[in-house]
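Undergrad: Residue numbers (our numbering), protein chains in the order written: chain Y, 23 to 164; chain V, 23 to 164; chain F, 23 to 164; chain L, 23 to 164.
There are 4 protein chains.
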Amino acid sequence: MVKSLEDIEVKLNHVGKADPEDLLNSDGIIIGSPTHCGVMSWKLKKFFDENVSTAWGKVEGKIAAAFSSSGGLGGGNEMAVMSMVNLLLNYGYLVFGLPEYAAPGVTAHYGAVAVGEPDENEIKACEMLGKKTAEYVKKMNS
Amino acid sequence: MVKSLEDIEVKLNHVGKADPEDLLNSDGIIIGSPTHCGVMSWKLKKFFDENVSTAWGKVEGKIAAAFSSSGGLGGGNEMAVMSMVNLLLNYGYLVFGLPEYAAPGVTAHYGAVAVGEPDENEIKACEMLGKKTAEYVKKMNS
Amino acid sequence: MVKSLEDIEVKLNHVGKADPEDLLNSDGIIIGSPTHCGVMSWKLKKFFDENVSTAWGKVEGKIAAAFSSSGGLGGGNEMAVMSMVNLLLNYGYLVFGLPEYAAPGVTAHYGAVAVGEPDENEIKACEMLGKKTAEYVKKMNS
Amino acid sequence: MVKSLEDIEVKLNHVGKADPEDLLNSDGIIIGSPTHCGVMSWKLKKFFDENVSTAWGKVEGKIAAAFSSSGGLGGGNEMAVMSMVNLLLNYGYLVFGLPEYAAPGVTAHYGAVAVGEPDENEIKACEMLGKKTAEYVKKMNS
């Protein structure tokens, strides 16, 4: 599902298995969570709460973005994305969204979102977010 | 478009013509705005900024909710709704959303939202928000 | 620390020990958390994530508010409070803040906040939030 | 009040007089507003609403941050800063805050904030935000 981008090594992690050192070793990060009560899942929050001493502030100036899926339109997917944006800003990351549209009626201004299982256009928005992350990472490290 | 509810008088206002006294004279309020850059429109903000001396704090404990429409999924309709929720909390309103779904995949957890022109289900979510506002207004004034 | 209010029974709970049924049995709730990365702590989030089947939506129309303390001004105490407001709206609660000031320069427009250990004025803001919760609970149940 | 930074030309603008072209001609931007009802002032919102055709999306990848002052602690200065962060993300900017503290108990995790007239430490936080903006602008344009 995660493909290599030219000159960029991509690593996929699940929050239960992720190595906190990966935060320090990555020039960019995209985090995602289901929309649980309009906020990232407690499991994702736990990971970042518990790695404050390892990585908080030390990732300053690195690139970050977020994505989420909710059960319904108006069900909090943007809110959950913004809870992650909030956390990422707090950690010191440079955070972004996409002005671009993946298709008419589908965008990712604060990060990528989906209602239920992501359809073709919602997946395209995720891919655009990944490419833009790679682009910013290259620019910040050139 | 706005229908009378049993025992509830409903008044529809446009922000350019609204009388600030209406804020004081209403037991409940639903405000809406297009999603402009993820925040309520400057025109709606201007109305509330300019009526701070008339109504801010004086509406404490009244019922309020919000709605918005954006050009795309992930385009900020929840964010715009939350900018209104933020303002309404600041004014002193009791604010709510709906756990209920209008249809599979359509809800209004923070207020009603639509992508583009509201479809049948998004309109149903707006109606549910209106009915719930009436219900809370009655309960608070019984 | 929690005192009885006239006609109102108050129960103090810690998140590790709280009985989910208390959400159903309470007419109002005030939740608090330290500010961890600008979002409520994962422990509080876990409690609400895990009690979705018990209480989500079933508490609709009950009264709720939030409070938080951060290490610094600008360090996320309002953001953490809003992460709880977000969750409470999602659950179906009627949520509020205070227009009133506890002292010059200290208020609780979105819920009560403190920088570090709460001082006298910040504690007064908490007490005001508690009294207002009691007032709204009485009004909704009269 | 705004001083030149090494190799960086700094331009101070008031929202009523600002030239929209400045958005296009600047590699970085810091926007500020009083906290009015927890959201940026309608005047600042008007500027960005009216310059969507000039600059929205065209500033993608440029650096941005925000600051605000409120009448009270808990009065919405973080919320107002986040309303600007929201807008800046929507426009396509890379947005950041500071993990660093300006003094014990004073930081700018989402942008710089003040309660009332900024004191020495709150001004220091603003200066740190300016310096970091300059640093990121240089890095993105090297």
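Don't be surprised by glycine CBs; every beta carbon is placed ideally from N, CA and C. In this text the structure is predicted, and so the values were computed from the model without any measurement.
For K33 (chain L), which residues from the same chain have a beta carbon less than 6 Å from its beta carbon, with the 5 sequence-adjacent residues on both sides left out?
TA: Sequence index remark: in the fourth sequence, residue 33 (chain L) carries index 11 (1-based). Cβ neighbours of K33 (chain L) beyond the five flanking positions: none.
Undergrad: Inspect the beta-carbon positions of V81 (chain L) and Y115 (chain L) and report whether they are closer than 8 Å.
TA: One-based indexing of the fourth sequence puts residue 81 (chain L) at position 59. One-based indexing of the fourth sequence puts residue 115 (chain L) at position 93. The answer is yes: Cβ separation under 8 Å.
Undergrad: When Cβ atoms are compared, which residues of the region 58-88 of chain V fall closer than 8 Å to chain Y?
TA: G60
Undergrad: So does the region 57-71 of chain F actually touch the region 65-76 of chain Y, counting three or more Cβ pairs closer than 8 Å?
TA: The count of Cβ pairs closer than 8 Å, one atom from the region 57-71 of chain F and one from the region 65-76 of chain Y, reaches three, so the stretches are in contact.
Undergrad: In this structure, does DSSP put N147 (chain F) in helix, strand or coil?
TA: On the third sequence, position 125 is the one that residue 147 (chain F) refers to. Note on identity: in this sequence residue 147 (chain F) is Ala, with Asn being the wrong assignment. If DSSP states are grouped into helix, strand and coil, A147 (chain F) belongs with the helices.
Undergrad: For the alpha helix (DSSP H) that contains S75 (chain L), what are its first and last residues?
TA: Position 53 of the fourth sequence, counted from the first residue, corresponds to residue 75 (chain L). Taken as a continuous stretch (DSSP letters only), the alpha helix (DSSP H) holding S75 (chain L) covers 74-77.
Undergrad: Along the beta strand (DSSP E) that carries Y115 (chain Y), what are the first and last residues, could you check?
TA: Here the question's residue 115 (chain Y) lines up with position 93 in the first sequence. Careful: Y115 (chain Y) lies outside any beta strand (DSSP E) and carries neither H nor E.
Undergrad: Mark S105 (chain L) as exposed unless 16 or more other C-beta atoms lie within 10 angstroms of its C-beta, in which case mark it buried.
TA: Along the fourth sequence, one-based indexing puts residue 105 (chain L) at 83. Residue burial is scored here from C-beta neighbours: S105 (chain L) has at least 16 other C-beta atoms within 10 angstroms and is therefore classed as buried.
Undergrad: Is there contact between the region 129-142 of chain L and the region 120-134 of chain Y, where contact requires at least three CB pairs shorter than 8 Å?
TA: no
Undergrad: Along chain V, which residues have their Cβ under 7 Å away from the Cβ of H36 (chain F)?
TA: Taking the first residue of the third sequence as position 1, residue 36 (chain F) is located at position 14. Simply none; closest approach about 26 Å.
Undergrad: Within 10 angstroms of the Cβ of D71 (chain L), are there 16 or more other Cβ atoms? Answer buried if so, exposed if not.
TA: Counted from its first residue, the fourth sequence places residue 71 (chain L) at position 49. Answer is buried; the Cβ neighbour count reaches 16.
Undergrad: Quick check on the DSSP output: the beta strand (DSSP E) that includes L45 (chain L) runs from which residue to which?
TA: One-based indexing of the fourth sequence puts residue 45 (chain L) at position 23. First-last for L45 (chain L): 43-47, but that is the alpha helix (DSSP H), not the beta strand (DSSP E).
Undergrad: Whose C-beta lies closer than 6 Å to the C-beta of L110 (chain L) among residues of the same chain, with five residues either side of it excluded?
TA: By one-based count along the fourth sequence, residue 110 (chain L) stands at place 88. Result list for L110 (chain L): A86, V117, in chain order.
Undergrad: Assuming V128 (chain F) and E144 (chain F) form a contact by the criterion Cβ under 8 Å, report the distance between their Cβ atoms to the nearest whole angstrom.
TA: Reading the third sequence from its first residue, position 106 is the one you call residue 128 (chain F). Reading the third sequence from its first residue, position 122 is the one you call residue 144 (chain F). Cβ-Cβ separation between V128 (chain F) and E144 (chain F): approximately 6 Å, consistent with a contact (criterion under 8 Å).
Undergrad: Just tell me which of Y:G98, Y:V107, Y:G152, Y:S164 has its CA closest to the CA of P56 (chain Y).
TA: Translated into the one-based positions of the first sequence, residue 56 (chain Y) becomes position 34. Checking every option, the nearest Cα to that of P56 (chain Y) belongs to Y:G98.
Undergrad: Which of the three DSSP states, helix, strand or coil, is assigned to Y158 (chain Y)?
TA: Along the first sequence, read from residue 1 onward, the residue named residue 158 (chain Y) stands at position 136. Reduced to three states, the DSSP call for Y158 (chain Y) is helix.
Undergrad: Measuring alpha carbon to alpha carbon, tell me which of Y:N73, Y:F89, Y:Y113 ends up nearest P121 (chain L).
TA: If you number the fourth sequence from 1, residue 121 (chain L) lands on position 99. Selected option, being the one with the closest Cα: Y:Y113.
Undergrad: Compute the distance between the beta-carbons of M162 (chain L) and K160 (chain Y), then report whether it is under 8 Å.
TA: Along the fourth sequence, read from residue 1 onward, the residue named residue 162 (chain L) stands at position 140. Along the first sequence, read from residue 1 onward, the residue named residue 160 (chain Y) stands at position 138. Result no, Cβ atoms of M162 (chain L) and K160 (chain Y) do not sit closer than 8 Å.
Undergrad: Please confirm whether S105 (chain Y) has its beta-carbon closer than 8 Å to some beta-carbon of chain F.
TA: In the first sequence, counting from the first residue as 1, residue 105 (chain Y) sits at position 83. Judged by the 8 Å Cβ criterion, S105 (chain Y) is in contact with chain F.
Undergrad: Can you tell me whether S105 (chain V) is helix, strand or coil according to DSSP?
TA: Position 83 of the second sequence holds residue 105 (chain V). S105 (chain V) sits in a helix when the DSSP states are folded into three classes.
Undergrad: State the beta-bridge partners of H58 (chain Y) as determined by DSSP.
TA: Taking the first sequence and counting its residues from 1, one reaches residue 58 (chain Y) at position 36. Paired residues: Y:V61.
Undergrad: Strictly by DSSP, which residues pair up with A124 (chain L)?
TA: Residue numbering aside, residue 124 (chain L) sits at position 102 when the fourth sequence is read from its first letter. Paired residue(s): none; A124 (chain L) is not in a bridge.
Undergrad: Under 7 Å Cβ to Cβ from V103 (chain F), same chain only, skipping five residues before and after it: list those, please.
TA: If you number the third sequence from 1, residue 103 (chain F) lands on position 81. A88, F89, S90, Y132, G133, V135, listed in sequence order.
Undergrad: Which residues in chain F have a C-beta closer than 7 Å to the C-beta of K161 (chain V)? List them in chain order.
TA: For the purposes of this step, residue 161 (chain V) is taken as residue 139 along the second sequence, with counting starting at 1. M162, listed in chain order.
Undergrad: Name, going along the chain, the residues of the region 112-137 of chain F whose beta-carbon falls closer than 8 Å to a beta-carbon of chain V.
TA: When C-beta distances to chain V are compared with 8 Å, the residues of the region 112-137 of chain F below that value are N112, Y113, G114, Y115, L116, V117, F118, G119, L120, P121, E122, H131, Y132, in chain order.
Undergrad: Would you mind reading off the limits of the beta strand (DSSP E) that contains A88 (chain V)?
TA: For this step, residue 88 (chain V) is matched to residue 66 along the second sequence. Taken as a continuous stretch (DSSP letters only), the beta strand (DSSP E) holding A88 (chain V) covers 85-92.
Undergrad: Pull up the distance between the alpha-carbon of E149 (chain L) and that of I51 (chain Y), whole angstroms please.
TA: Counting from 1 along the fourth sequence, the entry for residue 149 (chain L) is found at position 127. Counting from 1 along the first sequence, the entry for residue 51 (chain Y) is found at position 29. Their backbone Cα atoms lie some 28 Å apart in a straight line.
Undergrad: Classify K39 (chain L): buried if its beta carbon has 16 or more other beta carbons within 10 angstroms, exposed otherwise.
TA: One-based indexing of the fourth sequence puts residue 39 (chain L) at position 17. When all chains shown are included, K39 (chain L) counts as exposed.
Undergrad: With distance defined between alpha-carbon atoms, name the residue in F:V107, F:E43, F:K146 nearest to N73 (chain F).
TA: Along the third sequence, read from residue 1 onward, the residue named residue 73 (chain F) stands at position 51. Ranking F:V107, F:E43, F:K146 by Cα distance to N73 (chain F) puts F:E43 first.
Undergrad: Can you tell me which residues form a DSSP beta bridge with H131 (chain L)?
TA: As a first step, residue 131 (chain L) must be located in the fourth sequence, where it is residue number 109. Looking at the DSSP assignment, H131 (chain L) forms a beta bridge with L:G133.
Undergrad: With 8 Å set as the bound, which would you pick, yes or no: does the beta-carbon of L95 (chain F) sit closer than that to a beta-carbon of chain Y?
TA: Numbered from its first residue, the third sequence carries residue 95 (chain F) at position 73. At least 8 Å separates the CB of L95 (chain F) from every CB of chain Y.
Undergrad: What residues from chain L crowd round E31 (chain F), counting only those whose CB sits closer than 9 Å?
TA: Translated into the one-based positions of the third sequence, residue 31 (chain F) becomes position 9. Chain L residues near E31 (chain F): none, gap ~27 Å exceeds 9 Å.
Undergrad: Please classify K84 (chain V): is it buried, with 16 or more other beta-carbons within 10 angstroms of its beta-carbon, or exposed?
TA: What you label residue 84 (chain V) is simply residue 62 of the second sequence in a count that begins at 1. Looking at its Cβ environment, which holds 16 or more other Cβ atoms inside 10 Å, K84 (chain V) is buried.
Undergrad: Please say whether L95 (chain Y) and L45 (chain V) have beta carbons closer to each other than 8 Å?
TA: Along the second sequence, one-based indexing puts residue 45 (chain V) at 23. Along the first sequence, one-based indexing puts residue 95 (chain Y) at 73. Going by C-beta atoms, L45 (chain V) is not nearer than 8 Å to L95 (chain Y).
Undergrad: Quick one, which of Y:G54, Y:D49, Y:S48, Y:E142 has its alpha-carbon nearest H36 (chain Y)'s?
TA: Translated into the one-based positions of the first sequence, residue 36 (chain Y) becomes position 14. For the residues Y:G54, Y:D49, Y:S48, Y:E142, the minimum Cα distance to H36 (chain Y) belongs to Y:G54.
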